[in-house]
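Just below is one structure, and these are the notes that go with it.
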């Protein structure tokens with residue numbers, strides 16, 4: 010849980026004093042849950058999908074677009090850390 014707090018504080022820093030439009034912690038947790046739900050055992054190895062899609066409402070897109078690279082990196086690092094904890098291997102790696 011400490012990692013999530015660090016994650017949310019770091020991502021919230023992107024917006025400075027502006028209130029974030031949604032919870033980045035919830036976004037990262039949902040991505041990790043999706044990874045867990047879609048993990049398969051292939052040849053005795055727990056494999057997780059390597060591609061995730063996060064849909065953003067059309068109204069939010071102009072505001073969030075400048076932050077997509079940073080947000081993608083943060084969510085990717087969180088999901089990867091969760092996968093490493095569970096000893097998952099990503100498909101295609």
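Numbering (the working numbering), first residue to last: 10 to 102.
No residue lacks a Cβ here, since even glycine has one placed at the ideal position from N, Cα and C.
Look at the segment 26 to 90 and you find these whole runs of beta strand (DSSP E), each 3 residues long or longer: 49 to 51 and 54 to 57. In terms of Cα proximity to residue 33, the closest of 68, 56, 73 and 58 is 73. The closest CA to that of residue 65, considering only 59, 76 and 57, is found on 76. With respect to residue 40, residue 100 sits apart: the two C-beta atoms are not nearer than 8 Å.
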